[in-house]
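Engineer:
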Amino acid sequence: MVAYAFRPILKPIEHRQKVVVSFEMGYWHEIRLILLNDLHCMIRRLLDRFVHLRIRRNGLFIAVCAAIGMSTTGAIAYPTVVPGPVGRADSCQVPDPPVITGTARAICRNESVTLTATGCTGTVVWSNGETGDRITLQPQQTSRYTAICRTRAGCISCFADVWRVEVNTPMAPVVVASSSLICTGDSLTLTAKNCAGIVRWTDQAIGATRTVRPAQATTYQALCEQQHCISTPSAPVSVQISQPTTPIISADRSILCAGQSVRLMASNCAGTVRWTDGGTGIERTVTPYQSVHYRAVCQVGTCLSDSSQALAITVRSSGQMLQVANAITNGCPFQTADLTRAIQASAGNSLRYEFRSGAAFDAPSVQSPGAVLAGTYYIVGRDANGCYTNPAAVTVSITPCENGIPPCLSNPATVVARVDSIDWSKGVVRLTGRLGGSATQARWQSGSDGLFATNGITARYLLSEADFRRGTVAFALNTPDPDSTGPCVGASSTITVVAPAATREMIGLSKQVADPVWLADESGSFVELTYQLTVANLGNHPLQQVQVSDDLDAAFTAAGAQVRSAKLRADDGLVANASYTGRGADTTLLASGSSLPAGEQKRIWLTVRLDPAQASTLTFSNTAMVRAVDVNGRLCQDRSTNGTAVDPDQNGDPADNNEVTLVTLSAIRPQQDTTMFIPEGFSPNGDGINDRFVIQRIPPGLTIRLEVFNRWGHLVYRSDDYKNDWDGTPNQGIRTNEPRQGLPDGTYFYRVLRSDGREFTRFLTLMR
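The sequence shown runs contiguously to residue 885 in the working numbering.
1. In the DSSP assignment, the alpha helix (DSSP H) including L669 goes from what residue to what residue?
2. Return the residue from the list P771, N502 and S563 that minimises the CA-CA distance to S581.
3. Pop quiz: T240 and T218 are said to be a contact at Cβ under 8 angstroms. What is the actual Cβ separation, rounded to whole angstroms?
4. Do S757 and L706 count as a contact pair if the criterion is CB distance below 8 angstroms?
5. Using a Cβ-Cβ cut-off of 8 angstroms (strictly less than) and excluding sequence neighbours within five positions of L456, which residues of its own chain qualify?
6. In terms of alpha-carbon separation, which member of G656, D540, S435 and L650 lies closest to N739?
7. Thinking C-alpha only, which one of Y867, P331 and G874 is nearest R267?
8. Label V634 either buried or exposed according to how many other C-beta atoms from any shown protein chain fall within 10 Å of its C-beta, with 16 as the threshold for buried.
9. Distance, Cα to Cα, S408 vs I460?
10. Which residue marks the beginning of the alpha helix (DSSP H) containing A583, and which one marks its end?
11. Quick check: what's the CA-CA separation for G874 versus I821?
12. Which partner residues of C420 appear in the DSSP bridge assignment?
13. Let's see if you can read the secondary structure: which residues bound the beta strand (DSSP E) around L660?
14. Of all the options Q718, D668 and S696, which has the alpha carbon lying nearest to the alpha carbon of G656?
15. Give the range of the beta strand (DSSP E) segment to which S527 is assigned.
16. Less than 6 angstroms between C-beta atoms, sequence neighbours within five positions excluded: which residues of the same chain meet that for V825?
17. DSSP three-state label for K840, please.
18. In terms of residue numbering, what span does the beta strand (DSSP E) encompassing V545 cover?
19. Quick check: what's the CA-CA separation for G859 versus D844?
20. Does the Cβ of C341 have 16 or more other Cβ atoms within 10 Å, making it buried, or fewer, making it exposed?
21. What whole-angstrom Cβ distance do V356 and T335 have, given they're in contact under 8 angstroms?
22. In chain order, what residues of the same chain have a beta carbon less than 7 angstroms from the beta carbon of A631, not counting five sequence neighbours either side?
23. What are the residues that DSSP puts in a beta bridge with T575?
24. Going by DSSP, name the residue or residues bridged to E824.
25. Where do the N-terminal and C-terminal ends of the beta strand (DSSP E) with S682 fall, by residue?
26. If you reduce the DSSP assignment to three classes, tell me which class L955 lands in.
27. Pop quiz: C346 and C272 are said to be a contact at Cβ under 8 angstroms. What is the actual Cβ separation, rounded to whole angstroms?
28. Under the three-state reduction of DSSP, which class applies to R380: helix, strand or coil?
29. Rounded to the nearest angstrom, how far is the Cβ of V441 from that of A375, given a contact under 8 angstroms?
30. If you compare alpha carbons, which of T846, S872 and L870 is closest to P861?
31. Is it a yes or a no for the stretch 694 to 704 touching the stretch 743 to 755, going by three-plus beta-carbon pairs under 8 angstroms?
32. So what does G498 bridge to, in DSSP terms?
33. I'd like to know whether the C-beta atoms of I806 and T724 end up nearer to each other than 8 angstroms.
34. Measure the CB-CB distance between A570 and R577 and report whether it falls below 8 angstroms.
35. Quick one: any contact between the stretch 526 to 537 and the stretch 549 to 567, if contact means 3 or more CB pairs under 8 angstroms?
36. Alpha carbon to alpha carbon, how far is A678 from T734? Give it in angstroms, no decimals.
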């Protein structure tokens, strides 16, 4: 430990007088100027052996220096406080930071703003790399600007207060056409959605909805005006004009058995194909029960083509003969007959028999063929190829029996109640039932005060307020008593519907992009975008099979940019997909097995290297999706919203927040010449990607001197022969016992001096 002379100094200091605190030994962490009469305290981190402070209050101060890594009992010394420069320690008359003013704080995209810096007696260096007292900018997204005053090499001011320029950029509307293909003379409706302001069309029309009657193929686009700012045009919507042509129809087979399916196809139609049996579509599957001819027409708008040629489909029957008795009767004491007794099968007969209530192949089946009442029934046989025989009619007569058994006893009614679907949020329950035995009809009942919108074998029930409060509804499906006062009774089946458990399982996703960083390699310059995705479990139970997807083709490739690479890293608990490219079908960011405990959130970092040289735009929008499975096996999902909060309106529902994440690249690439490229930043987080501040294409034979200053104007890193090895660790000013304490994330000012005398100065971003 270094020894110090502890000697407090009390000295009058004038208002706003600059003070230099100087000492020769020791590694200091911070200096504090304390005003004795009211304990007013100023704190300044030490980044060298001296520090500059400007006093804004009158009074007696003492300077206190606190060291890092020393014991708490002897780590305070009191160096001399003197006004003005002190020998060699104050080799630089530190200039005051410039004061920035601007012509506007909010502009529309493609508008300009002029920033002016005053109070600098040297050179003003702006955060975008420009120099001079005044600059004119045309930012494409909300941006922050600062500047320093540089009186000479290595002598710079603190950063100026940031001037924030908000770029009001309304989202482009989404245009939907009622039809993309119409007939000559037809009209269609265009609707522009996703605009809270005024919709302006590129053909000078105004309004969110309009009706048009184009005479030729036309493309429509709309813009959104909000707060006097105009969005970029919407995606173009094309409307084609066409006259319908006669379709050509075909089938995958022309001969089949009744009940078998055939696929019908149509071509040579740019509109809608309409078939003579009422069906639509260029391809459909039908099941004819008798020979039939199909035709089709093509419809475009209100225009119809001529009818196609007829397509014959032949339905053949089985070659086997059906041998049945044409009449049967009951056998006492039963008051019903058994239809199976009518079958007179011969040896070698391989038919399967079906019993129907009508002669058509699609007639309803007989529910209980072993106990039927008087009437006419039909029996058909089906061979091994699936072909039916011709139906055979069987007449059933019932002979009264003394002490006969009523039909409802020999074939009692049965019924089964089932729930078809439940939509508790909309208050609708759909019910269905299945009848058996002698039952022919049934009705639903409920002990609650809800309403049956329909009632039969199937029913639709509307929940009442009491049902919602209670959370359960009991239903009964009843068949009528078949013989009133006789021995038979109706059938009944009950079922209880319970409201889904209110587990409130939800997942949310947000997405934020850092400022673009320009880099370079042997093939040229490119931009690096780092996205932070935050996944949050807003429910009460853990979520399994968490998966996030991000389609880079849709975000960048569709606009003409080239995705060079994509790298991922994620918090513990989420397993990054090592093979993720973001292109084609490979859009999932996580490997299988990722989970998310209740109430927790985790982050994913996606670093994309992009070559926008051939892009049609410098503004790119990106949206991600998250999906997970809850404790009930149901799917939870959410679309990302811009920022770091998954539910920015804090209404408990992240699904209603889905602002896209926009990033706009500068039209001017970062500082470079034909031989050297200096990046705008780097991310020393140890992931092997952009961990060093690398200056590309240094001319052979030249050496580089690199100096980096923090926002207070203090030198934090210096290398007189830079080897592209800076990892964000300071080598000036701060000293600690920790072997590698990196600089905090933020903006820094650099000075690159080549051995040939050329100098480059600008700001860089350090972000882990």
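Even for Gly, the Cβ is constructed at its ideal location relative to N, Cα and C.
Structural biologist: In this structure, then:
1. If you number the sequence shown from 1, residue 669 lands on position 552. In the DSSP assignment, L669 falls within the alpha helix (DSSP H) that extends over L669 to A672.
2. For the purposes of this step, residue 581 is taken as the residue at position 464 of the sequence shown. Nearest option by C-alpha distance: S563.
3. Against the sequence shown, residue 240 aligns to sequence position 123. Against the sequence shown, residue 218 aligns to sequence position 101. Wrong, their Cβ atoms sit about 18 angstroms apart, outside the cutoff.
4. If you number the sequence shown from 1, residue 706 lands on position 589. If you number the sequence shown from 1, residue 757 lands on position 640. No. Outside cutoff.
5. Along the sequence shown, read from residue 1 onward, the residue named residue 456 stands at position 339. The residues are I445, F472, V483, P486, G487, V489, Y494, I496, V511 and V513.
6. Here residue 739 refers to the residue found at position 622 of the sequence shown. Of the residues G656, D540, S435 and L650, the one whose Cα lies closest to the Cα of N739 is L650.
7. Here residue 267 refers to the residue found at position 150 when the sequence shown is read from its first residue. Restricting attention to Y867, P331 and G874, the CA atom closest to the CA of R267 is found in Y867.
8. Along the sequence shown, read from residue 1 onward, the residue named residue 634 stands at position 517. So V634 counts as buried.
9. Residue mapping note: residue 408 aligns to position 291 of the sequence shown, counting from 1. Residue mapping note: residue 460 aligns to position 343 of the sequence shown, counting from 1. Roughly 27 angstroms between the two C-alpha positions.
10. For this step, residue 583 is matched to residue 466 along the sequence shown. In the DSSP assignment, A583 falls within the alpha helix (DSSP H) that extends over E582 to R587.
11. Residue numbering aside, residue 874 sits at position 757 when the sequence shown is read from its first letter. Residue numbering aside, residue 821 sits at position 704 when the sequence shown is read from its first letter. I821 has its alpha-carbon roughly 10 angstroms from the corresponding atom of G874.
12. Your numbering for residue 420 matches position 303 in the sequence shown. DSSP lists V417 as partners of C420.
13. Here residue 660 refers to the residue found at position 543 when the sequence shown is read from its first residue. For L660, no beta strand (DSSP E) segment is defined, and its DSSP state is neither H nor E.
14. Looking up residue 656 in the sequence shown gives position 539. Out of Q718, D668 and S696, Q718 has the C-alpha closest to the C-alpha of G656.
15. Numbered from its first residue, the sequence shown carries residue 527 at position 410. No beta strand (DSSP E) contains S527, which is instead part of the alpha helix (DSSP H) from P524 to S527.
16. On the sequence shown, residue 825 is found 708 positions in, with the first residue counted as 1. V833, Y834, Y865 and Y867.
17. Within the sequence shown, the letter at position 723 stands for residue 840. Coil, per DSSP.
18. Residue mapping note: residue 545 aligns to position 428 of the sequence shown, counting from 1. From DSSP, the beta strand (DSSP E) with V545 extends over V545 to G553.
19. Translated into the one-based positions of the sequence shown, residue 859 becomes position 742. Translated into the one-based positions of the sequence shown, residue 844 becomes position 727. C-alpha separation (whole angstroms): 8 angstroms.
20. Here residue 341 refers to the residue found at position 224 of the sequence shown. In summary, C341 is buried, with 16 or more beta-carbon neighbours lying within 10 Å of its beta-carbon over all protein chains present.
21. What you label residue 356 is simply residue 239 of the sequence shown in a count that begins at 1. What you label residue 335 is simply residue 218 of the sequence shown in a count that begins at 1. Between V356 and T335, the beta carbon gap of about 5 angstroms places them in contact (Cβ cut-off 8 angstroms).
22. Sequence index remark: in the sequence shown, residue 631 carries index 514 (1-based). Annotation for A631: T647 and M884 place their beta carbon closer than 7 angstroms to its own, counting only its chain and skipping 5 residues before and after.
23. Here residue 575 refers to the residue found at position 458 when the sequence shown is read from its first residue. Per DSSP, none; premise fails for T575.
24. Counting from 1 along the sequence shown, the entry for residue 824 is found at position 707. In the DSSP secondary-structure assignment, E824 is bridged to R835 and R868.
25. Indexing the sequence shown from 1 puts residue 682 at position 565. Q679 to A687 is the extent of the beta strand (DSSP E) around S682.
26. What the structure shows of the chain is the stretch from 118 to 885, and residue 955 is not part of that stretch, so it cannot be assessed.
27. As a working mapping, residue 346 is identified with position 229 in the sequence shown. As a working mapping, residue 272 is identified with position 155 in the sequence shown. Rounded, the Cβ-Cβ distance is 42 angstroms, inconsistent with contact.
28. Start at 1 with the first residue of the sequence shown, and residue 380 comes out as number 263. Strand.
29. As a working note, residue 441 is residue 324 in the sequence shown. As a working note, residue 375 is residue 258 in the sequence shown. For V441 against A375, the beta-carbon gap comes to about 18 angstroms, at or over 8 angstroms, which does not count as contact.
30. On the sequence shown, position 744 is the one that residue 861 refers to. Closest in alpha carbon position to P861, among T846, S872 and L870, is T846.
31. Touching, no, given that fewer than three Cβ pairs across the two stretches are closer than 8 angstroms.
32. Position 381 of the sequence shown, counted from the first residue, corresponds to residue 498. Bridge partners of G498: Y470.
33. On the sequence shown, residue 806 is found 689 positions in, with the first residue counted as 1. On the sequence shown, residue 724 is found 607 positions in, with the first residue counted as 1. Yes.
34. Taking the sequence shown and counting its residues from 1, the one referred to as residue 570 is at position 453. Taking the sequence shown and counting its residues from 1, the one referred to as residue 577 is at position 460. Taking 8 angstroms as the cut-off, the Cβ atoms of A570 and R577 count as close.
35. Counting Cβ pairs under 8 angstroms, three or more are found: they touch.
36. For the purposes of this step, residue 734 is taken as residue 617 along the sequence shown, with counting starting at 1. For the purposes of this step, residue 678 is taken as residue 561 along the sequence shown, with counting starting at 1. Going by the C-alpha atoms only, they are around 9 angstroms apart.
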